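Please read the structure below before turning to the comments.
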Amino acid sequence: MSSSPRFRPSGRHLALVGPTASGKSSLAMALARSRSDIELVTVDSMQVYRGMNIGTAKPSAAEQSEIVHHLLDLCDPDDDYTVARFQRDCFAVLADIEERGKRAVLVGGTGLYLQAITDDLEIPARFPEVRAELELEPDTAVLFARLEGQDPLAASRMEPTNRRRVVRALEVTVGSGRPFSSFGPGLEEYPPAPFPVVGLAMERVVLDQRIAQRYEQQMADGFLAEVQTLVDRPAGLGRTARQALGYAELLDHIENGTPLDDALETAVTRTRRFARRQQRWFGRDPRINWIETDGEVSANALAELARGLID
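Quick note on this note's numbering: the sequence shown kicks off at 8 and runs consecutively.
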């Protein structure tokens, strides 16, 4: 018996990408308000976690009530959500949206997650015995050096201190006998995307300022209390959630006594570095159509996005 063909999204959708704090969500909301057939699909590896709201800049309850959002609050923060799960969940959501005659705007900054959809990536299997052996090494720097030797391309595309990603890349490289980057996320090959992809480009100085300002606002909105609530959960936070930008630094303040100002300074610095990596990731993709922005929703930007949705 032959298996059913894999779902491939139609061309009626659109993706809106760019670095963190570049104004993607505001622009996506404005576009959704301008058309009655749009639903928003979040492409963010941390907004899937319940209770992680302020620090992930998750759409507010009012925004979610006004416009249909998908792929938010899918699991508890002690779970480890994966790109394979996202691919499966997102394909199911897009199939449902198409069946109802609607169209999706996929919005977010997790490049690997979007590429799993546009390129139907082959997601590597898990190798628990290999992972268990790797986890015995407490020094992430040692693991990263090993990855640099075995798959320098993968190593060049991740933060050396991101233990979760370093271990995963090594797990796949060792377990499968193939470089982690060979499974697609590192390849310099970009097949035609099934739908238009629009990127927001922003000057570095403006983006840096917006990142710092967003942390100031998040702290005023109760970010520290949110992290304390997550820490107090009986199940706590899982490995993935603990490494989220901002959360990791506030956890260091709560659990290790790092001064709050120092923790926030580290969070801002780390987030700016992350934004640079996002810009490099998306900048390599020739399929992305770029819009210059200062973070404000402009009529020209809206018109550009609307043109991308014309059948």
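The beta-carbon is built from N, C-alpha and C at its ideal position, and this holds for glycine as well.
Since the structure is predicted, the reported quantities are computational estimates derived from the model, not experimental observations.
Just to check my reading of the structure: residue i and residue j have Cβ atoms closer than 8 Å, yes? What is that Cβ distance to the nearest angstrom?
i	j	result
ALA343	PHE151	There is simply no residue 343 to check, as the chain begins at 8 and stops at 318 in what is shown.
ALA251	MET53	5 Å
PHE134	GLU178	5 Å
VAL48	LEU21	No, VAL48 and LEU21 are not in contact; Cβ-Cβ is about 10 Å, not under 8 Å.
ARG171	ARG246	6 Å
Tell me the DSSP secondary structure of residue i in three-state form.
i	result
GLU299	strand
ALA200	coil
PRO192	Its pLDDT being 49, under 50, PRO192 is placed unreliably by the model, and nothing is read from it.
VAL304	coil
LYS31	helix
GLN250	coil
THR278	helix
SER163	coil
ARG240	coil
PRO7	Given that the chain is displayed from residue 8 to residue 318, the structure contains no residue 7 and the question cannot be resolved.
PRO135	helix
Measuring only the C-alpha atoms, how far is residue i from residue j?
i	j	result
GLU106	ASP96	16 Å
ARG314	ILE61	32 Å
VAL204	THR125	9 Å
ARG13	GLN94	11 Å
PRO167	ALA282	15 Å
ARG175	ALA148	14 Å
PRO241	LEU257	19 Å
LEU113	LEU23	6 Å
GLU73	SER41	12 Å
VAL75	ALA274	31 Å
Name the one or two DSSP bridge partners that residue i has.
i	result
ILE45	ARG110
LEU23	VAL114, VAL205
CYS82	TYR56
HIS76	LEU47
If contact is defined by three or more beta carbon pairs under 8 Å, each pair taking one atom from either stretch, is the segment 121-134 in contact with the segment 86-101?
As far as the Cβ criterion goes, the segment 86-101 touches the segment 121-134, which means the pair count is three or higher.
Touch check for the segment 237-244 and the segment 179-191: three-plus C-beta pairs under 8 Å?
Touching, no, given that fewer than three Cβ pairs across the two stretches are closer than 8 Å.
Assess, as a yes-or-no matter, whether the segment 303-311 is touched by the segment 19-37 under the definition of 3 or more beta carbon pairs within less than 8 Å.
Segments in contact, yes.
Could you check whether the segment 248-268 touches the segment 220-230, counting it as contact only if at least three pairs of C-beta atoms, one from each stretch, sit closer than 8 Å?
yes
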